[in-house]
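Remarks on the structure that follows.
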Amino acid sequence: MTADIRACSRHLATVVAVRGDITAADIEPVTARVLRFVLPDTSFVLDLSESTSIAAEGAALLAAVDDACAVAGVEWALVSAAPVMALFDEDLRDRLLPVVDSVADALHDFADAAAARRSMLLPLLQRTA
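Residue 24 in UniProt numbering sits at position 24 of the sequence shown; the count goes up by one each step and never skips.
Structural data, given as structure tokens:
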């Protein structure tokens with residue numbers, strides 16, 4: 001496998017970075033390895049910003065992550081690079097994949113969403129006289 005996969009757990013999400021070339025032969029093992037890190041109750045960031053090239057079959061990776069996150073009920077974000085953006089066919093565009101500019105932007109978005117959820121719950125938790 002020519003792609004290098006690194007995962008790390010952050011306070012707000014699990015971040016999986018895939019670097020290097022993702023060839024057609026790598027799609028299945030890369031997808032299987034990435035999907036191992038999609039966990040219930042933990043937002044997910046797929047960082048492909050340092051992927052130098054990705055085979056056309058890479059669209060299956062993005063669709064699989066989108067499906068796995070939907071099944072797990074978690075938010076996710078894609079940090080993309082030019083080779084990845086070229087994969088966005090009509091099917092992927094229809095999914096409205098959550099593309100962000102950086103991992104920091106994704107984490108910031110997750111923090112904002114969590115704060116919004118908390119603020120919606122506050123009136124329900126306050127006591128009435």
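Even glycine gets a Cβ: it sits at the ideal position worked out from N, Cα and C.
Nearest candidate by alpha-carbon position, reference residue i, set the options
| i | options | result |
| --- | --- | --- |
| L97 | T23, M120, A68 | A68 |
| G73 | V16, A25, S49, L39 | L39 |
| C8 | S119, L107, D112, A115 | L107 |
| A25 | H11, F37, M1 | M1 |
Alpha-carbon spacing of residue i relative to residue j, whole angstroms
| i | j | result |
| --- | --- | --- |
| P83 | D41 | 30 Å |
| L56 | L62 | One detail in the question is off: residue 56 reads as Ala in this sequence, not Leu. One C-alpha to the other measures close to 11 Å. |
| D4 | V18 | 6 Å |
| A64 | V99 | 15 Å |
| L46 | A77 | 6 Å |
| M85 | A115 | 30 Å |
Beta-carbon proximity check, residue i vs residue j, cutoff 9 Å
| i | j | result |
| --- | --- | --- |
| residue 138 | D105 | No answer is possible for residue 138: the residues shown for the chain start at 1 and end at 129. |
| E75 | S43 | yes |
| V79 | S49 | yes |
| G58 | L35 | no |
| A23 | A60 | Sequence inspection shows Thr at residue 23; the Ala mentioned does not correspond to that position. Result no, Cβ atoms of T23 and A60 do not sit closer than 9 Å. |
| A81 | S51 | yes |
Start-to-end residues for the beta strand (DSSP E) that takes in residue i
| i | result |
| --- | --- |
| A82 | Counting along the chain, A82 falls outside any beta strand (DSSP E), though it belongs to the alpha helix (DSSP H) covering 82-85. |
| V79 | 76-79 |
Span of the alpha helix (DSSP H), counted from its first residue to its last, around residue i
| i | result |
| --- | --- |
| V18 | It is not in any alpha helix (DSSP H) - V18 instead sits in the beta strand (DSSP E) that spans 13-22. |
| T31 | 27-35 |
| V38 | Looking at the DSSP string, V38 is not in any alpha helix (DSSP H), and its letter there is neither H nor E. |
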